[in-house]
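**Student:** Protein chains in written order, with our numbering: chain A, 1467 to 1784; chain B, 1467 to 1784. Built from N, CA and C at the ideal position, the CB exists for glycine as well. Once you've had a glance at the structure underneath, I'll fire off some questions.
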């Protein structure tokens, strides 16, 4: 038990999670609940408030020193506002910082979810004491974050850069970002599924695995079929691994971090990616000793964002 | 006249230049001399030493407070050593910092030439008081630099990132960096000349402009022919502008600087690039408001490196 805690909140498109942390990074309690964003921000904010109260109580700590929120973007960390009608329908200009500050009378921070997840890995995960830490999350999209000396790197006007939309091949598929062949359009889970659906699967086990329903083919299934040696699935995963490696090579040449931490659902197929990546790194070590950049799996899994959100408060109190 | 100066040195593959600067950034004297690198580092170091003495004297200042050196890479800023047998033949492990410190008994710094040129633009050029300033030099190669809050951004082990070797199209030409289709292989001056030589020029004015000698076609000539409306040259410059724009779009998405400063020989053809770039920026403003990133020509021309090298000293003395 600890006298003082801060609470990290991780707000996603379907669930919100909260964890209570000591200054040393011990998680004393953690809980999650559906956010049901479509019911509107008012309902959502009350749920978050209640969740914080429950987790605080469960931690047994007397004093709550602050609340850090990591949210599915776009967020405005400076104004303290969530503005995300894309994955939180109806959540436009939601002043979450002001609301939680009024409710609990403590400092509150708001950050992008990719940034807090990377910060969590810096604080208590794979990237501890790494001066320049880059993080790549491959799931529904490709999210990136850069942590410099334990601080979130921000771009113009405090914006979160969108490294997942760096263009890798202009002859690639179109993306909602306006580009053709950006990292996300080539490597995220929907891109893997789309490639499978566009492939002639007459000699593949994939369609059978999906119960004959083309729409049921997803990235996980393609990876599974590839592991069973299915040639169509292998060809798709090889192509994805090729582009994934280009994305990493580009990070190494443009940012040159000491470590790149990999996470997200697609990274569960890391075994299918890493051989390609290692080969690509060896082939692109002329200008930069790319092989000295450490490539590491994330260690905190679904809790990385909670750790990082809590750290945004602890790092200001220290 | 000023009592105190620092001297900035810009060491290139053919010439070395030195300038004397006041703390306010006024250049009181400047001189250059051939480096004749092939005569060996000993001769070169003596020339640099002499050049510094001449410029100091010409500035009329009593006190020399420090010497900043910007050198064609690879350099090792931390060990203070130039290690560049590529463009300075024979210059391996040349301890320029120790040498100049012993000769003048003042602090000496050593930095990559792309970094000091960007720093010069930050101090007294196009990028004054820009918090996140990115610089791109397109000439024999594509050089990049990132200045964060007036400090050179460094990667792993103090390395200078090589943003010019970011891959833009894996079906592009091979580069000595190990990649296919990196920025430099698609947009630097030799790439432009190479594309012209590989084009069917039977209906082009280019061969005539080069006196019938294919080998005499260079980037400047291609740009000139394009300005005269030659279809082959226009097609080449359009392609180069397309890829150049991709490179800029990638900088915006991965780094999101407030400003990108453009310089180098190829940028003398900026009129042929900018219409494409503006169109590309407009088309890639979904994730990041790319159109708010300022694209600016460098202002200090050949002296940018001198200014920046001097600033590396002044900024530590302030």
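Under 7 Å Cβ-Cβ, which residues of chain A neighbour residue 1642/B?
**Tutor:** The answer, in chain order, is 1752.
**Student:** What residue range does the alpha helix (DSSP H) around residue 1663/B cover?
**Tutor:** Run containing residue 1663/B: 1655-1663, per the alpha helix (DSSP H) assignment.
**Student:** Name, please, each residue of chain B whose Cβ falls closer than 7 Å to the Cβ of residue 1712/A.
**Tutor:** Correct list: 1633 and 1636.
**Student:** Excluding the 5 residues preceding and the 5 following residue 1619/B in the sequence, name in chain order all residues of the same chain whose CB lies nearer than 6 Å to its CB.
**Tutor:** Taken in chain order, the residues that qualify are 1612.
**Student:** Who are the neighbours of residue 1664/A on chain B, taking C-beta pairs under 8 Å?
**Tutor:** The contacting residues do not exist; residue 1664/A stays about 20 Å from chain B at best.
**Student:** Tell me, to the nearest whole angstrom, how far the beta carbon of residue 1633/B is from that of residue 1647/B; I am working on the premise that it is less than 8 Å.
**Tutor:** Confirmed, Cβ separation roughly 6 Å.
**Student:** What is the DSSP secondary structure of residue 1816/B, reduced to helix, strand or coil?
**Tutor:** Coverage of chain B is limited to positions 1467 through 1784, which leaves residue 1816/B absent and any answer about it impossible.
**Student:** Which residues bound the beta strand (DSSP E) around residue 1532/B?
**Tutor:** 1529-1537 is the span of the beta strand (DSSP E), which, as asked, contains residue 1532/B.
**Student:** Suppose you measure from the CA of residue 1636/B to the CA of residue 1563/A; what does that come to, to the nearest Å?
**Tutor:** So the two alpha carbons sit approximately 44 Å from each other.
**Student:** Would you kindly work out how many angstroms separate the C-alpha atoms of residue 1671/B and residue 1665/B, rounded to a whole number?
**Tutor:** Going from the Cα of residue 1671/B to the Cα of residue 1665/B covers about 12 Å.
**Student:** Using a Cβ-Cβ cut-off of 6 Å (strictly less than) and excluding sequence neighbours within five positions of residue 1761/A, which residues of its own chain qualify?
**Tutor:** Answer for residue 1761/A: 1726, listed in chain order.
**Student:** Per DSSP, what kind of secondary structure is residue 1508/A in: helix, strand or coil?
**Tutor:** DSSP places residue 1508/A in helix when its eight states are reduced to three.
**Student:** On the criterion of 16 or more Cβ atoms from any shown chain inside 10 Å, does residue 1710/B qualify as buried, or is it exposed?
**Tutor:** Buried, since its Cβ has 16 or more Cβ neighbours within 10 Å.
**Student:** Kindly indicate which residue of 1667/A, 1609/A and 1541/A has the alpha-carbon position closest to the one of residue 1580/A.
**Tutor:** Here the closest residue by C-alpha is 1609/A.
**Student:** So residue 1483/B is in the alpha helix (DSSP H); what residue range does that whole segment cover?
**Tutor:** Premise fails: residue 1483/B lies in the beta strand (DSSP E), 1481-1487, not in any alpha helix (DSSP H).
**Student:** Name the chain A residues whose beta carbon is nearer than 7 Å to that of residue 1535/B?
**Tutor:** The contacting residues do not exist; residue 1535/B stays about 21 Å from chain A at best.
**Student:** Using a Cβ cut-off of 7 Å, pull out every chain A residue sitting near residue 1759/B, in sequence order please.
**Tutor:** Correct list: 1622.
**Student:** Quick one: does residue 1742/A have its CB under 8 Å from some CB of chain B?
**Tutor:** Residue 1742/A does not count as touching chain B.
**Student:** Can you list the alpha helix (DSSP H) stretches of 4 or more residues lying completely in the region 1718-1759 of chain A, in chain order?
**Tutor:** Within the region 1718-1759 of chain A, the complete alpha helix (DSSP H) runs of at least 4 residues are 1736-1749.
**Student:** Listed in chain order, which residues of the region 1715-1728 of chain B have Cβ atoms closer than 8 Å to some Cβ of chain A?
**Tutor:** Against chain A - using a Cβ distance shorter than 8 Å - the residues of the region 1715-1728 of chain B are 1715, 1716, 1717, 1719, 1720, 1721, 1722, 1723 and 1724.
**Student:** Could you check what DSSP says for residue 1627/B in three-state terms: helix, strand or coil?
**Tutor:** The answer is coil: DSSP assigns residue 1627/B none of H, G, I, E or B.
**Student:** Got a sec, what are the start and stop residues for the alpha helix (DSSP H) residue 1675/B sits in?
**Tutor:** That run of the alpha helix (DSSP H) goes 1672-1675.
**Student:** Could you tell me how far apart the beta carbons of residue 1534/B and residue 1722/B are, in whole angstroms, since I believe they sit closer than 8 Å?
**Tutor:** Their Cβ separation, rounded to whole angstroms, is 29 Å, which puts residue 1534/B and residue 1722/B out of contact at 8 Å.
**Student:** Using a 10 Å radius around the Cβ and a threshold of 16 neighbouring Cβ atoms, would you call residue 1623/A buried or exposed?
**Tutor:** Exposed is the call here.
**Student:** For the region 1520-1531 of chain A against the region 1485-1492 of chain A, do three or more pairs of beta-carbon atoms, one drawn from each stretch, fall closer than 8 Å, so that the two count as touching?
**Tutor:** In short, these stretches touch, since the Cβ pair count reaches three.
**Student:** Closer than 8 Å, Cβ to any Cβ of chain A: which residues of the region 1674-1691 of chain B, in chain order?
**Tutor:** Of all residues in the region 1674-1691 of chain B, none has a Cβ within less than 8 Å of some Cβ in chain A.
**Student:** Could you check what DSSP says for residue 1550/A in three-state terms: helix, strand or coil?
**Tutor:** In the structure shown, residue 1550/A sits in coil (DSSP, three-state: anything other than H, G, I, E or B).
**Student:** How long is the line joining the alpha carbons of residue 1713/A and residue 1698/A, rounded to whole angstroms?
**Tutor:** The straight-line gap from Cα to Cα measures roughly 23 Å.
**Student:** Residues of chain B with CB under 8 Å from residue 1629/A, in chain order?
**Tutor:** Under the 8 Å cutoff, chain B gives 1719 and 1720.
**Student:** Say whether chain B places a C-beta atom closer than 8 Å to the C-beta of residue 1749/A.
**Tutor:** True, the Cβ-Cβ gap to chain B drops below 8 Å.
**Student:** Examine chain B for any beta-carbon lying closer than 8 Å to the beta-carbon of residue 1583/A, and answer yes or no.
**Tutor:** For residue 1583/A, the answer is no, since every Cβ of chain B falls outside 8 Å of its Cβ.
**Student:** Have a look at 1626/B, 1642/B and 1689/B and flag the residue whose alpha-carbon is nearest the alpha-carbon of residue 1577/B.
**Tutor:** Of the listed residues, the one whose Cα sits closest to residue 1577/B is 1626/B.
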